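Asker: Residues 2 to 115 in the working numbering are what the sequence shown spells out, letter by letter. Heads up, the beta-carbon is just placed ideally off N, CA and C, and yes, glycines get one too. This one's a predicted model, so the numbers in the text were calculated from it and none came from an experiment.
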Amino acid sequence: MRTIKTINDFWEVIDEIRMKKELNWTELVGGKAKLAASQRWNPPLTYILQIQKKLDIDIMNTFVYELVESEQLVDKDPETPNKMKLIHQWIQSDNWMEDEEIIQKVQEVAKTIL
Numbered sequence: 002m003r004t005i006k007t008i009n010d011f012w013e014v015i016d017e018i019r020m021k022k023e024l025n026w027t028e029l030v031g032g033k034a035k036l037a038a039s040q041r042w043n044p045p046l047t048y049i050l051q052i053q054k055k056l057d058i059d060i061m062n063t064f065v066y067e068l069v070e071s072e073q074l075v076d077k078d079p080e081t082p083n084k085m086k087l088i089h090q091w092i093q094s095d096n097w098m099e100d101e102e103i104i105q106k107v108q109e110v111a112k113t114i115l
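1. How many whole angstroms separate the CB atoms of isoleucine 15 and isoleucine 52, which I take to be in contact at a CB cut-off of 8 angstroms?
2. I need the straight-line Cα distance from proline 45 to glutamate 28, nearest angstrom please.
3. Would you call the CB atoms of valine 110 and lysine 77 closer than 8 angstroms?
4. With a threshold of 8 angstroms on Cβ separation, who are the neighbours of leucine 164 within its own chain once the five nearest residues in sequence on each side are excluded?
5. According to DSSP, is leucine 118 helix, strand or coil?
6. Looking only at its own chain, which residues have a Cβ that is under 7 angstroms from the Cβ of tryptophan 26, when we skip the five neighbours before and after it?
7. Would you mind sorting methionine 98 into buried or exposed? The rule is 16 or more other CB atoms within 10 Å of its CB.
8. Is it the case that the Cβ atoms of threonine 81 and isoleucine 114 are separated by a distance below 8 angstroms?
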């Protein structure tokens with residue numbers, strides 16, 4: 002299974018399948034054939050659904066799979082809200098960016114959040 006991450010990836014996969022199915026761009030996307038052939042068109046969902054139906058494929062499974070996969074990688078730090086409150090307290094003064102000590106503290110805590 003190829004992973005579609007960019008619009009270029011999308012059009013490369015669609016073009017390969019389109020050629021295997023022996024369809025031209027007009028048969029596949031109608032009046033948007035030139036845009037599709039240029040592989041720079043960012044089609045709305047309605048066109049994506051039409052394309053997948055005409056090609057008899059399921060593009061949406063790839064998107065859903067990637068969303069689920071990326072959600073599983075996120076591990077939330079329970080201390081983040083407290084760290085954000087601490088940073089917020091430090092940056093309350095108008096001249097906080099002129100204080101090297103405060104900048105250092107903010108940077109150190111911010112690195113642990115990211």
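Answerer: Judging by the given coordinates:
1. Within the sequence shown, residue 15 is the residue found at index 14, counting from 1. Within the sequence shown, residue 52 is the residue found at index 51, counting from 1. Isoleucine 52 and isoleucine 15 do touch by the CB rule: their CB atoms are close to 6 angstroms apart, below 8 angstroms.
2. Position 44 of the sequence shown, counting from 1, holds the residue named residue 45. Position 27 of the sequence shown, counting from 1, holds the residue named residue 28. The straight-line gap separating the alpha-carbon atoms of proline 45 and glutamate 28 is approximately 18 angstroms.
3. The count along the sequence shown starts at 1 and reaches residue 110 at position 109. The count along the sequence shown starts at 1 and reaches residue 77 at position 76. No. Outside cutoff.
4. Here the chain covers residues 2 to 115 and nothing more, so residue 164 does not appear.
5. Nothing can be reported for residue 118, as the shown portion of the chain is limited to 2 through 115.
6. In the sequence shown, counting from the first residue as 1, residue 26 sits at position 25. Answer for tryptophan 26: Ala34, Ala37, Ala38, listed in chain order.
7. Your numbering for residue 98 matches position 97 in the sequence shown. Sixteen is the threshold: since fewer than 16 other Cβ atoms of the shown chains lie within 10 Å of the Cβ of methionine 98, the residue is exposed.
8. Numbered from 1 along the sequence shown, position 80 holds the residue referred to as residue 81. Numbered from 1 along the sequence shown, position 113 holds the residue referred to as residue 114. Yes, they are a contact pair.
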